[in-house]
Structures are given as C-alpha cells and as structure tokens.
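A.B. asks: One line per chain: the protein sequences are Y and H, in this order.
Per my numbering: the first sequence = residues -14 to 323.
Per my numbering: the second sequence = residues -14 to 323.
Number of protein chains: 2
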Amino acid sequence: MSMVGLRRVVEPAGVLPQAAWRLDASPEIGPDETRIRVRRLNLDAASYRQLAEKHANNGDAIRAEVLDIVRTRGKMHNPVTGSGGMLIGVVEEVGPESPLAVKPGDLVATLVSLTLTPLAITDGLAGWDGLSEQVPAEGTAILFGRSIVGVLPDDLPPELALAVYDVCGAPALTDRIVRKYPDNPTVAVLGGAGKSGSLTLAAARRAGARTVAVVVNEKERDALLKAGLADHVAIADARDPVAVAEAVGEPADVTVVCVDVPGCEHGAILATANGGTVIFFSMATSFPAAALGAEGLAADVTMLIGNGYVPGHAEFAVDLLRQVPAVRALFEARIAAD
Amino acid sequence: MSMVGLRRVVEPAGVLPQAAWRLDASPEIGPDETRIRVRRLNLDAASYRQLAEKHANNGDAIRAEVLDIVRTRGKMHNPVTGSGGMLIGVVEEVGPESPLAVKPGDLVATLVSLTLTPLAITDGLAGWDGLSEQVPAEGTAILFGRSIVGVLPDDLPPELALAVYDVCGAPALTDRIVRKYPDNPTVAVLGGAGKSGSLTLAAARRAGARTVAVVVNEKERDALLKAGLADHVAIADARDPVAVAEAVGEPADVTVVCVDVPGCEHGAILATANGGTVIFFSMATSFPAAALGAEGLAADVTMLIGNGYVPGHAEFAVDLLRQVPAVRALFEARIAAD
Chain Y
-14 MSMVGLRRVV EPAGVLPQAA WRLDASPEIG PDETRIRVRR LNLDAASYRQ LAEKHANNGD
46 AIRAEVLDIV RTRGKMHNPV TGSGGMLIGV VEEVGPESPL AVKPGDLVAT LVSLTLTPLA
106 ITDGLAGWDG LSEQVPAEGT AILFGRSIVG VLPDDLPPEL ALAVYDVCGA PALTDRIVRK
166 YPDNPTVAVL GGAGKSGSLT LAAARRAGAR TVAVVVNEKE RDALLKAGLA DHVAIADARD
226 PVAVAEAVGE PADVTVVCVD VPGCEHGAIL ATANGGTVIF FSMATSFPAA ALGAEGLAAD
286 VTMLIGNGYV PGHAEFAVDL LRQVPAVRAL FEARIAAD
Chain H
-14 MSMVGLRRVV EPAGVLPQAA WRLDASPEIG PDETRIRVRR LNLDAASYRQ LAEKHANNGD
46 AIRAEVLDIV RTRGKMHNPV TGSGGMLIGV VEEVGPESPL AVKPGDLVAT LVSLTLTPLA
106 ITDGLAGWDG LSEQVPAEGT AILFGRSIVG VLPDDLPPEL ALAVYDVCGA PALTDRIVRK
166 YPDNPTVAVL GGAGKSGSLT LAAARRAGAR TVAVVVNEKE RDALLKAGLA DHVAIADARD
226 PVAVAEAVGE PADVTVVCVD VPGCEHGAIL ATANGGTVIF FSMATSFPAA ALGAEGLAAD
286 VTMLIGNGYV PGHAEFAVDL LRQVPAVRAL FEARIAAD
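Written out as structure tokens, the structure is:
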C-alpha cells in the first residue's frame, strides 16, 4: 500500500495522492520512490483551455496561475477541471525498493497524471510564455513505486514522443474494444482531427473498423481528408446532439469522445447503436449527464470511463505513429502550431 | 428525433431535455407525448442528501427549495448534484403517435430521470413534510415518445415498486457483467445494505458470484448478515481507499459502487483485480477522479458509467424482490424508516 504514495499526502489525510488537496513535493525520496529532474510539462488540453479562457490568453496571468497551483497543491492539479497533464525529464535518483525499470540518466516521460505527481518548480517557469500547453520547466518530480513511466524512444523528438504518450490510453483501449465487435464495426470519433482523435482513428482502422470522424470546422475536415485516416468526415458541433447524430449517420458500434469541451455526452449516446459502446476520453465528461442521458434516451449502450492505462499503451501508440505517416504528420503540424 | 423531447427545451436551445436548464412543463401534449397525473415523487438519494444537508434537515426549507427548482427549471433537476429521481402517477392522456405501451388509467412509474421530465406541481407539496425522499405531490408530468415507463405490478404496494424501479438499473447491469466472468467470480458491493446495493448483491449471487459487501457501520452490517445476501460483510468508510481495499481482501473481479457520497472512486479501483470491472452507480461519481485514479494506480480495470437503462431492467428487479424475501424485507424496512 505504501507504493501508492500515501506518505506524500498532506491533506486531507487518508486519501490517495490524486484525490489529495495538497502533496508534499520535497525532493528527498523514500525507498520505493524515484526523483525526476523536470525538463518540460505538457498540460492537459482541458486544463490549459480553462486557464487560457479564464485569463483571455494573457500569458503572464496563465503562467502565474500555474505557478500558484503548483506552489499551493504540490502538484499541477487544476482545481476547476480536475485534470493535469504529464512531464518529461531525466531520472536523477532511484530508491532501492523501486520496481520501475529506469536508471539515473534515462530521459523519460511520466505516464501517470500530474494530478498525483509531487512537483516542485524552481525556475518560475521563466522559459514559458504561457501561450502553449508545452511548458519548459526546471524542478523536481517524484514517482511512486506503483507508477507508469516510459523511456523516450531514440528515433523520435522528445516533444513528439511526449505528445503521443499524453494520449496513448485512447488508441490502446479503442483497439481492445473494437476487437470485441467482429463484423467490420463502425467506429465514430468525435474530435477526430486532434491528437487522441487521430491516433484513435488509426487504431480503429488497424483493428478492422470502418471509421467516421466528426470535426468542428472545414479546416480540420480538410486536414483529416488529406490524412486519409477516416472513411467519412463530417462537420458538427460535438455539443449539439442532433447534429452529431446526423453527422455520423447510421449509428456507430463504437463511439469515442476525444473532444475536450463539456456537453458532448448526449451526442455520443445518440450516435451509438443499441448494443454499442461509448468510450469517454475527455476529462470534461460529466458522469451524471452520461448516466442520466443514456437512461433518458432508453439507450442500451455500454459507457466506459476512458482509463488512461492499458498495459503496453505507450509502445502501442508510438508504434502507430511510426507505421502511419499521416498520424505523424498531424502530430508534427500540431506541435509546430503550438 | 422529435421523439426525444426537443420541443420541450426552452433554454439553451439545441440540447436534449436532460441537459437543458429549463423545460416547458405545460400540460398540453404533442402527438408523441403522454401526460401523467402525478401522485408521488421519489427524489434521488444524492439529491435529497444534498438538500437535507444544506438546510440542516429543516423540512420547510427543503420543501421550498424543491418547489423553487421545479418552478424555475420545469423539472426536478437538482442543479448541485445533477440528479433527479422518478415519479408515480396515473396516465391521463396518450398522444396518437406515442409508442409507449400504456393507456389512460394505468398506474405507472416513470423509469427515466426527473432531470429530463417536464413537471408542474399544483399543490405546493402540501402533503410533504420535507423530511423524506418520498414526496406526495399533485401536478402533471410529460413523457416523450422515446421513454421508459413501467405499469406498477398488482402484487406490490406502489411505494415498494417505486423504490425498486428507482434502482433497477444496477442489478440488471451487474447481472450482465458478472456473467462475463465464468469462474465463480467475486463481486464486491460498496454500500451493500442500501436499496441498489442489496438488489445488486442478490443479482450477483443469482448470477453465480461470491459476494462481498462493504457497509458503513455495525447496524448495517448486522442487518445484512441477518439478510444473508453476502458471503462476507465488512465495515469501512467507502471514501477511504486503503480501508476499502483491506475490507474487500482478495481483489474482486467486479466492484459495484452503490454509495451516494463523493470520493468512492479510488477505493473501488484499489479493491478490483487487474482485468476486473468497476461499475459506478452513484451519481456522486467524479469522472476525472475515476479516470485519473485508475491511471495513477496503473490499474488495468474496465470502468463503467452505470447506465440506468438495460432492457427488461424493471421486471428483472421486481422478480428479484419477489424471489428473495430478504431483499424485500430490507426494502420494506427502509420504506418504513423513511
């Protein structure tokens, strides 16, 4: 039980680090812990969007609030969205009882959320303009014994690997679910042009599915048509249930929500066939809206909370990126635009 | 598409009735609608608990707020918890295009949430003291074409049938999931002594599972031991993840959360074996806490949003109540205590 980081919880007592209001982020490690010298944070999309909207894209104000959150909570855990992100850095010290397969000097990405990772920032985020999810940072982070960490691959730029790792749960879980539907299922992806969306489309197709993407505007539609990841691409506001259902057409066997805005639950349910599955991968998902929405629509659909962990998920996603040049191109374009 | 009640949405435009801030609850029905003469509301447990705590069990204040919510929103949709409940009443008028299998004079329970049911109260809830989830009420409610409604069985008191219908999604979905684990799986139920909890235990056992119940105190433990619904009963605070995991012991194949308080996600995940399933049936479930908690624990568990609709769920639950006298006794004791 000590492996889950209980000793780092300051308040309230008795909860796990993710549920804690405040963690002890001091750099001294316990016997099962690992210390990382931080190089870069990658903020969760929903979290960054909330901060950017709150501060009207004022970079200084966004940076100040991120620093304040980390100082107050001992972790980058956005109190409004409940989400965090991940980081890359270099392994500095590994406790003698840690089961993690890393050694000092390894360049790694943490694959557990920043919402449970003790984090101390030492440079005031001086190298960040506050205008992007990718945050150059100096400081220390702590990994517990029961954790997930990926050594960055040699053949990919760190920013690219980090962006892939950040969303690697979605393609792996989609693959697992799609393979339960044997007869050429249809998979609809809301937000198909984004990072998790494009990887999910590629995973669904490789698993044998016909793929439908719903995107928000013509620019995303054109980019996705050019990439060729979806058999059909339609434009709709994911928060408009009737528009989403019409965009998808014949109800999908599996619908994956990769849109980081609130209010996408009902469209996803309406667009899914009876006996189908909805996988929610957006941290903006409302549990009651999904549960009561399906009931209210008399929709016999299985609704999954997108678990960010599936064994082998990081390698699975990196492998997809290597094998599908169109996915890599979309990621590189997104990173360049950041 | 008209069958889902779009014409009743006043604001914001374009969303489904459950997501709407305000519905038009006027009693005139459209061609696919059905009007119910309301007799009794059954408030969702999480909703009633929030109101009771806010008003320190002051019945007059609780009643006033329920009336205010219904008047303001055109439905009993608690804006804090996002949950509602259900109602019983008598069918008054059925539109010519309604597909529902009811006729005027039928005594029915609505099996869709009050959060999407247009509701007008006409008696000021004069017959309710504000101190119970069961609310005698006069007024009208509207069902859409795509809805779920159950005619009340002749052999059960209406209050008993309503209490069963209110939680009938949990045992039916649990039955479906448990049958996917062939080798005498273990099912843990957090909140096993409650209404949904006791029905879920009975369903799990009938589906072939060994059952473990986690309850909050000795009184509930003794009641459940007497009822004999669980092979093992342990006391733990469901919000304390370490205590829950220790109470369950050997990790469960399926864990069902039937506790209507926030903060039960991590205990449920910790108590579940790799490859297992967690079914969240509490409206107090936090989507990010579940998603990030499983990731943070490197837990390969499937997490389901408890869909309140499974075909045949009402008949399934009433059948369990008829066949398992101990479940019926627990329900009758709960109703008597209300």
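Note that CB positions come from ideal geometry on N, CA and C, so glycine has one too.
Just so we're clear, the structure is a prediction, and the values are computed from it rather than from any experiment.
Between the stretch 290 to 306 of chain H and chain Y, which residues of the former have a C-beta closer than 7 Å to a C-beta of the latter?
C.D. replies: 290, 291, 292, 293, 294, 295 and 296
A.B. asks: What's the call for residue 57 of chain Y, buried or exposed, on a 16-neighbour Cβ count within 10 Å?
C.D. replies: An exposed status is given to residue 57 of chain Y, since fewer than 16 other beta-carbon atoms sit within 10 Å of its beta-carbon.
A.B. asks: Verify the CB distance criterion: does residue 326 of chain H have a CB-CB separation below 8 Å to chain Y?
C.D. replies: In this structure chain H extends from -14 to 323, so residue 326 of chain H is not present and cannot be described.
A.B. asks: Using a Cβ distance threshold of 8 Å, determine whether the stretch 211 to 218 of chain Y contacts the stretch 55 to 72 of chain Y, with at least three qualifying pairs required.
C.D. replies: no
A.B. asks: I'd like to know whether the C-beta of residue 67 of chain Y is nearer than 8 Å to at least one C-beta of chain H.
C.D. replies: yes
A.B. asks: At a Cβ threshold of 8 Å, is residue 225 of chain H touching chain Y?
C.D. replies: Cβ-Cβ to chain Y under 8 Å: yes for residue 225 of chain H.
A.B. asks: Here's the rule: buried if 16 or more other CB atoms are within 10 angstroms of the residue's CB, otherwise exposed. What is residue 107 of chain Y?
C.D. replies: Counting the other CB atoms within 10 Å of its CB gives residue 107 of chain Y a total below 16, which places it among the exposed residues.
A.B. asks: Since residue 234 of chain H meets chain Y, which of its residues come closer than 9 Å, beta carbon to beta carbon?
C.D. replies: By Cβ distance, chain Y contributes nothing, its closest Cβ being about 13 Å from residue 234 of chain H, past 9 Å.
A.B. asks: Exposed or buried, what is residue 11 of chain Y when buried is set at 16 or more other beta-carbons lying within 10 Å of its beta-carbon?
C.D. replies: exposed
A.B. asks: Quick one: using the 10 Å Cβ neighbour count with 16 as the cut-off for buried, is residue -4 of chain H buried or exposed?
C.D. replies: exposed
A.B. asks: Buried or exposed: residue 35 of chain Y, going by 16 or more other Cβ atoms within 10 Å of its Cβ?
C.D. replies: buried
A.B. asks: For residue 101 of chain Y, decide whether its Cβ has a neighbour in chain H, counting only Cβ atoms nearer than 8 Å.
C.D. replies: The beta-carbon of residue 101 of chain Y is placed less than 8 Å from the nearest beta-carbon of chain H.
A.B. asks: Only counting the same chain, and skipping five residues up and downstream in sequence, which positions put a Cβ closer than 7 Å to that of residue -8 of chain H?
C.D. replies: 15
A.B. asks: Contact criterion: CB-CB distance below 8 Å. Does residue 274 of chain H meet it with respect to chain Y?
C.D. replies: Yes, residue 274 of chain H counts as interfacial toward chain Y.
A.B. asks: Note down, in chain order, each residue of its chain lying with its Cβ closer than 6 Å to the Cβ of residue 176 of chain H, except the 5 sequence neighbours on either side.
C.D. replies: 182, 243 and 244
A.B. asks: Which chain Y residues sit within Cβ distance under 7 Å of residue -11 of chain H?
C.D. replies: 282
A.B. asks: Anything in the stretch -11 to 18 of chain Y with a Cβ closer than 9 Å to a Cβ of chain H? List those residues in chain order, please.
C.D. replies: Taking 9 Å as the Cβ-Cβ cut-off against chain H, the residues of the stretch -11 to 18 of chain Y that qualify are -11, -10, -9, -1, 0, 1, 2, 3 and 4.
A.B. asks: Let's see if you can read the secondary structure: which residues bound the beta strand (DSSP E) around residue 44 of chain H?
C.D. replies: Element bounds for residue 44 of chain H: not the beta strand (DSSP E) but the alpha helix (DSSP H), 44 to 58.
A.B. asks: Counting pairs of beta carbons, one from the stretch 103 to 118 of chain Y and one from the stretch 73 to 85 of chain Y, are three or more of them closer than 8 Å?
C.D. replies: Short answer: they don't touch.
A.B. asks: Which residues does DSSP list as the beta-bridge partners of residue 121 of chain H?
C.D. replies: H:25
A.B. asks: Measuring alpha carbon to alpha carbon, tell me which of Y:260, Y:253 and Y:257 ends up nearest residue 271 of chain Y.
C.D. replies: Here the closest residue by C-alpha is Y:253.
A.B. asks: Name the residue from H:319, H:294 and H:9 whose alpha carbon lies nearest to the alpha carbon of residue 156 of chain H.
C.D. replies: That would be H:294, whose Cα lies nearest to the Cα of residue 156 of chain H.
A.B. asks: Determine, for residue 197 of chain H, whether the minimum Cβ-Cβ distance to residues of chain Y falls below 8 Å.
C.D. replies: no
A.B. asks: What is the rounded straight-line gap between the Cα of residue 105 of chain H and the Cα of residue 54 of chain H?
C.D. replies: 11 Å
A.B. asks: Looking at chain H, is there any beta carbon in it that lies within less than 8 Å of the beta carbon of residue 131 of chain Y?
C.D. replies: So, interface residue.
A.B. asks: Measuring only the C-alpha atoms, how far is residue 311 of chain H from residue 212 of chain H?
C.D. replies: 5 Å
A.B. asks: Given 8 Å as the limit, is there contact between the stretch 285 to 292 of chain H and the stretch 134 to 149 of chain H, that is, 3 or more CB pairs closer than that?
C.D. replies: no
A.B. asks: Since residue 288 of chain H meets chain Y, which of its residues come closer than 8 Å, beta carbon to beta carbon?
C.D. replies: 289, 290 and 292
A.B. asks: When you compare the CB of residue 126 of chain Y with every CB in chain H, is at least one pair closer than 8 Å?
C.D. replies: No, its Cβ sits nowhere closer than 8 Å to a Cβ of chain H.
A.B. asks: For the beta strand (DSSP E) that residue 219 of chain H lies in, which residues bound it at each end?
C.D. replies: From DSSP, the beta strand (DSSP E) with residue 219 of chain H extends over 217 to 220.
A.B. asks: Can you name, in chain order, every residue of its own chain whose Cβ lies under 8 Å from the Cβ of residue 85 of chain Y, other than the five neighbours on each side?
C.D. replies: 19, 79, 128, 130, 132 and 134
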